[in-house]
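Student: In mature numbering (1 follows the signal peptide of the UniProt record, and there is no 0), the protein residues as written are -21 to -1, 1 to 325. Don't be surprised by glycine CBs; every beta carbon is placed ideally from N, CA and C. If you're wondering where the values come from, they're calculated on a predicted model, not measured in any experiment.
(1) Just how far apart, CA to CA, sit residue 52 and residue 38?
(2) Tell me which same chain residues have a C-beta within less than 7 Å of the C-beta of residue 297, skipping the five on either side of it?
(3) Do you know how far the Cα of residue 276 is from the Cα of residue 149?
(4) With DSSP collapsed to three states, give me the class of residue 230.
(5) From the DSSP output, read off the bridge partner residues of residue 94.
(6) Between which two residues does the beta strand (DSSP E) containing residue 60 stretch?
(7) Are three or more beta carbon pairs between the stretch 93 to 112 and the stretch 191 to 206 nearer than 8 Å?
(8) In the DSSP assignment, the beta strand (DSSP E) including residue 180 goes from what residue to what residue?
(9) Are there three or more Cβ pairs, one per stretch, closer than 8 Å when the stretch 187 to 200 is compared with the stretch 78 to 94?
(10) With a CB to CB cut of under 7 Å and the five nearest residues on each side skipped, what residues in its chain are close to residue 195?
(11) For residue 186 and residue 172, what's the separation of their Cα atoms in angstroms?
(12) Between residue 316 and residue 305, what straight-line distance do the alpha-carbon atoms span, to the nearest angstrom?
(13) With H, G and I counted as helix, E and B as strand and the rest as coil, what does DSSP make of residue 33?
(14) Can you tell me where the beta strand (DSSP E) holding residue 301 begins and where it ends?
(15) Chain B beta carbons: is any one of them nearer than 8 Å to that of residue 171?
(16) My parser needs the beta strand (DSSP E) runs of 3 or more residues fully inside the stretch 182 to 247; what are they?
(17) Using 10 angstroms around the beta-carbon of residue -5, count the other beta-carbons present and answer buried if the total reaches 16, otherwise exposed.
(18) Which residue marks the beginning of the beta strand (DSSP E) containing residue 324, and which one marks its end?
(19) Taking the beta strand (DSSP E) that residue 105 belongs to, which residues open and close that run?
(20) When you compare only the Cα positions, how much space is there between residue 28 and residue 222?
(21) Give me the DSSP bridge partner(s) of residue 254.
(22) Just how far apart, CA to CA, sit residue 121 and residue 234?
(23) Starting from residue 3 and walking both ways along the beta strand (DSSP E), at which residues does that stretch end?
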């Protein structure tokens, strides 16, 4: 082991936006191992008529439940994550976990189980294992205190896959799953294609997904959807991020606002997300974002809007505050939330 280097590059180059620079150990002969991640602590208050029971109100996903007069405050650190990347010549191995795996209680220990996020091997143009779906453009996820931001309108899935990359072109076969159908009959992998246009101005990707779904009644249903997403540089360090998805994308978009199947039919949905990040100073910035998804068969329309403010006190340490609203517009119910966050990037 020859050198220990504070890495100046982003692990995001291989994995995704939520992974950060880390500490690299130079093992010699083009071998290295990098440890990274971050520690994040949150204080979150939710008030209104809508809750997120699937996450224990730790963050909003695309679906929510009507809960009259909810008023809750929680202190958590579950978004904390750690990762390791090993490079051996042309081979890269990566693994990452956080602490949203459940377990523990709020009476004594508040312990939480680790949860696998990424585990994959990359050899030249081929990636095999679990990571973000190829359908996603991870650079289009806005900076937020709430985990993932407006998941209600984002493409957001990690799953097993085999991916081929050639420049801006990516093709993959990914894990099939008929959400709200008979997933014991899923035998044909989902097929995904994406092309990303890049330049000094930022990037824009165009993606498509095609699947065969299996209904509870024993039928097979074809489903296909599209996505256009990107991150565009504007003035100074500012940027505009967006995602537009349509068709029968099902579980690939909106984190269960839309479902793959409703009864014996594939559900169609339209999702729009827009976010603008502005730098007030070199170490002070804000993002305002909005996301909405409208479904046909489930007759659901959910919205998430928020604005935040983050300040870096060192290169690694930042504090932030976010205020927002999650709305179930078809039933005219909503909740406001306030979240304070502290993050130390390793």
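Tutor: Quick look at the numbers:
(1) 12 Å
(2) 289, 290, 291, 322
(3) 31 Å
(4) helix
(5) 77
(6) 60 to 67
(7) no
(8) It is not in any beta strand (DSSP E) - residue 180 carries neither H nor E in the DSSP assignment.
(9) no
(10) 160, 161
(11) 6 Å
(12) 8 Å
(13) helix
(14) 296 to 307
(15) In the structure shown, chain B does not exist; there is a single protein chain.
(16) 199 to 212, 218 to 226
(17) In this predicted model, residue -5 has a pLDDT of only 38, less than 50, meaning its place in the structure is not dependable; the value taken from the coordinates is given anyway. Classification of residue -5: buried, given that the 10 Å Cβ count is 16 or more.
(18) 312 to 324
(19) 105 to 111
(20) 28 Å
(21) 220, 268
(22) 16 Å
(23) 2 to 7
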